[in-house]
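J.: Structure provided below as structure tokens; questions to follow.
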Amino acid sequence: MADVQGGAERAVSTASISTPLLTREAFASSVGLPAGVIIAQCDKGYWPTMKVGKRVFVNVELIRKRALEQEFKV
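Right, here's the structure in full:
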């Protein structure tokens, strides 16, 4: 039963990666780093962020776009 729940949790985190914006905490859990590390990196400008009200979101779509651009540069 734990394997089924673990698989379901992985499926949920994979689905959440497909969203264009994630909270810093959700992004941290999806990439497997502590939330404090991602929050500090966002504060330093290492990750593209967008502020909506009092919430800060990581722009996952922009990260994906930049990664594709770098992949095809020769």
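Reminder that position 67 of the sequence shown reads as 1513 in this note's numbering, one-by-one numbering, no gaps.
Where a beta carbon is used, it is the ideal one built from N, C-alpha and C, also for glycine.
Every value quoted in this text rests on a predicted model; they were computed, and no experiment measured them.
1. Just verifying my parser: in three-state terms, what is the DSSP assignment at L1467?
2. Quick one: grab the DSSP three-state call for F1522.
3. Count the other CB atoms, across all protein chains shown, that sit within 10 Å of the CB of R1470; report buried if there are 16 or more and exposed otherwise.
4. Give the single residue among F1518, K1519, V1477, C1488 whose Cα lies nearest to the Cα of R1501.
5. So what does V1498 bridge to, in DSSP terms?
T.: In short:
1. strand
2. Shown here, the chain extends from 1447 to 1520; a query on residue 1522 therefore has no answer.
3. buried
4. C1488
5. R1501
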